[in-house]
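Following: one structure in structure tokens, then a few remarks.
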Amino acid sequence: MSGGQVFGGIDVGAATTKAVLIDPDRRLLASDVRKTGVSFESCARESMDAALSSCGLEYRDLAGVFATGYGRHNVGFAHATRTEIACHARAAHHFFPRRITVVDVGGQDNKIIHIDSEGRRENFKMNRKCAAGTGVFLEEVTQRMDVPLSDMDRLARQASHVVHMGSYCTVFTKTEILAHLRAGEKVPEIVAGLIESVVKRIVEMDPLSGEVVVSGGVVAHNPILAEMLARHLGHPVQILPNAQLAGAFGAALLASEDSSASS
Amino acid sequence: MKEIMEGHFRELDQAAKTKSHKVAWCTSVGPAELLKGMGFQVFFPENHGAMLGATRMATDLIPVANAIGYSPDICSYLTSDVGAYLKGVSPISTAYPGLSGPPRPDVLVYNTNQCRDVHDWFNFYGREFNVPVIGVQTHRGVGDVTKAHVDSISSQIRGLVPKLEEISGKKLDMDEFKRVVGLSRQCTDLWKEVLQIASNVPSPLTFFDGTIQMGPAVILRGEQRAVDYYKLLLAELKKRVQDGVAAVDGEKFRIYWEGMPIWGKLRELSTQFADLNACVLASTYCSSWVFPALEPDDPFDSMARAYIELLIVRDEDYKERYFEKQVELYRIDGMIFHDAKTCPNNSNNRYGLPERLTKTYKMPMLTIHGDLNDLRCYSEEQARTNIEAYIEQLAEKKSR
């Protein structure tokens, strides 16, 4: 690696691509979030271009860049790749330097990562081959109701009660929503039920003991998810600062710690 | 290998066409020694199922069986094989020009030690070919193997003889039967030695090699050519150990694979693990054709014992103890459980076993969701990320 004192992380996720720049003191300098689209390589490049230009930097100023996410192997300008599990764990340990359980609710998968007090992973789990309970699940089902994703949190908070969803299949949930609408249920209560169904998918993956921290874009836009998860678990749940950027931020941190990075 | 496998399929084809021998279809851990000892040519549909998976024909054929009422949730060996039959296609005809596919059976002989699906699978062909379907119903959830278990299976195997004599038109020759059991025992001992050579560091053999090399142990056991093949293979592997030849260059991580192979993804998985300096070197699956109980002088009882000592029919406590021994024997860093969607009996992650082993060994475990043949149940990208993250985690653990 070469360049200046700035480190980059790029998270090419299934739904969105995130770029992050940090300084040597691990402070966030700039970031960018955009839809991933169909070309991982060009989206990653555009996202990093935007992050760099927002703080007047160029690629030559970067001492190191790590890529993560589904498209991590398609980022030509990255010096190395790390999995999303490694990056979310690293970012979470940065903000919560103790034994924690990280729950990342991503665009296409959920991850649960147990990390020890030193930030090392003790175990991790990903959801099965099923998108139910992930970001894309919410995207799909809210389309059916003509509810913008950005309105979900607000609507769910208006709910007088939660409409419980019985299905854990995205397609069947769409059908179930129709049945609830026909039965007279209102949109806020159904939206609350959809977020609750994400919580149900998470808690069936792991007992989630100890301190729980949630990361990822879904909770960044729908903090009510963490509140519902906390109610379900019976103990508080924290949200990672800049939760949607966690993967990219973790990648940047790992880049800054890489032994080959210049100082 | 190619030569002896081809020989096997050509002999089967000849037998069916010329009626020189009766043809029996047999489940993979069915009473093959008895059948061979009685002069049958033996065909193994599960082997055909694996070929359909490895050639990636299976995923397109499974829906053909689904359409006639065989659920996508049952054994995908069954559904892909039935689909192949209905479509009139077979990887045998591609691999061995001149052969059209599986030979027509005169009898179908099952053992439910693998699962109940094999019985239903054979019943399908029994109806299609109008031939007898006979077999052995094996106990499940077996803890200690008792005399009652052995007596039950042994009497069922003995009970097959009159029908087989009727079909073959020959009386059982006990000397020939014992000779075949003796050869099967030699084969199994050699195969066990082949597998256990992977306990060397670095391992000269991977699980992926094993899934190919196991062919003779499955379909040619009880025959001299299987014994000869494994003697040759063993000598080569011993030479590799002597020369320090590793199956995976720069082996850093030693992994145990628990569960069925993902037949259509063997190459991709093998390459990914090798790129990560991880050697998947041992498995329960390849060890499923190790039968130390076989004794030529006591063929019925020893076959019964051999076929009920299998891991697949044992209870969770036995399985836990078994895996603990494997971890120690092969000096394992990590274990990957393959949860095969359509094969519950070979998916040992479903009752908390990985979690219990993690507690015992302080070793992280990984579960991959997929299937033996139905690639619709497998998310390649998700599996790749899981594997990569798992190796990252093992690297972190080693660096402590």
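These protein sequence lines are chains A and B, in that order. Numbered per my numbering, the first sequence finishes at 278, counting up by one with no gaps. Numbered per my numbering, the second sequence finishes at 622, counting up by one with no gaps. Glycine included, every Cβ here is placed at the ideal spot set by N, Cα and C. Keep in mind that this is a model prediction, so the values were computed, not measured.
- Nearest C-alpha to B/Ile613 among B/Thr564, B/His591, B/Asn571 and B/Ile554: B/Ile554.
- In the DSSP assignment, A/Met141 forms a beta bridge with A/Lys126.
- Residues of the segment 127-159 of chain A that bring their beta carbon within less than 8 Å of a beta carbon in chain B comprise Arg135, Arg136, Glu137, Asn138, Phe139, Lys140, Met141, Arg143 and Lys144, in sequence order.
- When DSSP states are grouped into helix, strand and coil, B/Cys297 belongs to the coil group.
- For B/Gln263, the enclosing beta strand (DSSP E) covers residues Gln263 to Phe265.
- Of the candidates B/Gly252, B/Ser312, B/Ile484 and B/Asn288, the residue whose Cα lies closest to the Cα of B/Ser569 is B/Ile484.
- Any Cβ of chain B closer than 9 Å to the Cβ of A/Ile100 would place that residue at the interface, and such an atom is present.
- Under the three-state reduction of DSSP output, A/Phe92 falls in the coil class, being neither helix nor strand.
- With 16 or more other Cβ atoms from the protein chains shown falling within 10 Å of its own Cβ, A/Val117 counts as buried.
- About 45 Å separates the beta carbon of A/Val35 from that of A/Ala198, a gap too long to meet the 8 Å contact definition.
- The beta carbon of A/Arg97 sits closer than 7 Å to the beta carbons of Phe81, Thr83, Ala266 and Leu269 from its chain, once the five residues preceding and following it are set aside; these are given in chain order.
- Contacts with chain B at 9 Å (Cβ-Cβ) include A/Asp124.
- Residues of the segment 52-86 of chain A with a C-beta less than 8 Å from any C-beta of chain B: Tyr85, listed in chain order.
- Assignment of alpha helix (DSSP H) within the segment 439-518 of chain B, counting only whole runs of 4 or more residues, yields 446-464 and 488-497 in chain order.
- Here A/His179 is exposed: its Cβ has fewer than 16 other Cβ atoms, across all protein chains shown, within 10 Å.
- DSSP places B/Cys248 in no alpha helix (DSSP H) but in the uninterrupted beta strand (DSSP E) bounded by Val245 to Cys248.
- One thing to note: A/Met160 has its Cβ no nearer than 9 Å to the Cβ of A/His236.
- Contact between B/Asn608 and B/Leu579 does not hold, since their C-beta atoms are separated by about 18 Å, which reaches or exceeds 8 Å.
- A/Gly208 and A/Leu244 have their C-alpha atoms some 13 Å from each other.
- Burial is judged here by how many other beta carbons sit within 10 angstroms of a residue's own beta carbon; B/Phe545 has at least 16 and is buried.
- Exclusion of the five residues before and after A/Asp38 leaves Leu44 as the residues of its chain whose Cβ lies within less than 6 Å of its Cβ.
- Under a criterion of Cβ atoms nearer than 7 Å, no residue of chain A is adjacent to B/Glu490; the nearest Cβ is some 14 Å distant.
- For A/Glu155, the CB contacts under 6 Å within the same chain, skipping 5 residues up- and downstream, are Thr185 in chain order.
- Taking 9 Å as the cut-off, the beta carbon of B/Ala246 is found closer than this to the beta carbon of B/Val329.
- In the structure shown, the three-state DSSP call for A/Lys33 is strand.
- Within chain A, the residues Thr98 have their CB atoms less than 8 Å from the CB of B/Glu610, given in chain order.
- Under the 8 Å Cβ criterion, the segment 396-407 of chain B counts as touching the segment 519-536 of chain B, having at least three qualifying pairs.
- Under the three-state reduction of DSSP, B/Ala605 is assigned to helix.
- Shown here, B/Asp411 sits in a helix according to DSSP, grouped into three states.
- Using a CB distance cut-off of 9 Å, B/Thr493 does not count as an interface residue toward chain A.
- The residue from A/Arg49, A/Asp76 and A/Ser54 with its alpha-carbon nearest to that of A/Ala65 is A/Arg49.
- Distances from the alpha-carbon of A/Arg87 to those of A/Ser68, A/Arg105 and A/Ser54 put A/Ser54 closest.
- Residue environment: B/Ser621 is assigned as exposed (fewer than 16 neighbouring CB atoms within 10 Å of its CB, all protein chains considered).
- The continuous alpha helix (DSSP H) containing B/Ser315 extends over residues Pro313 to Ala317.
- Taking B/Lys581 as reference, the option from B/Tyr307, B/Glu480 and B/Glu542 with the minimal CA-CA separation is B/Glu542.
- As computed with DSSP, A/Val229 is found in a beta bridge with A/Val118 and A/Ile254.
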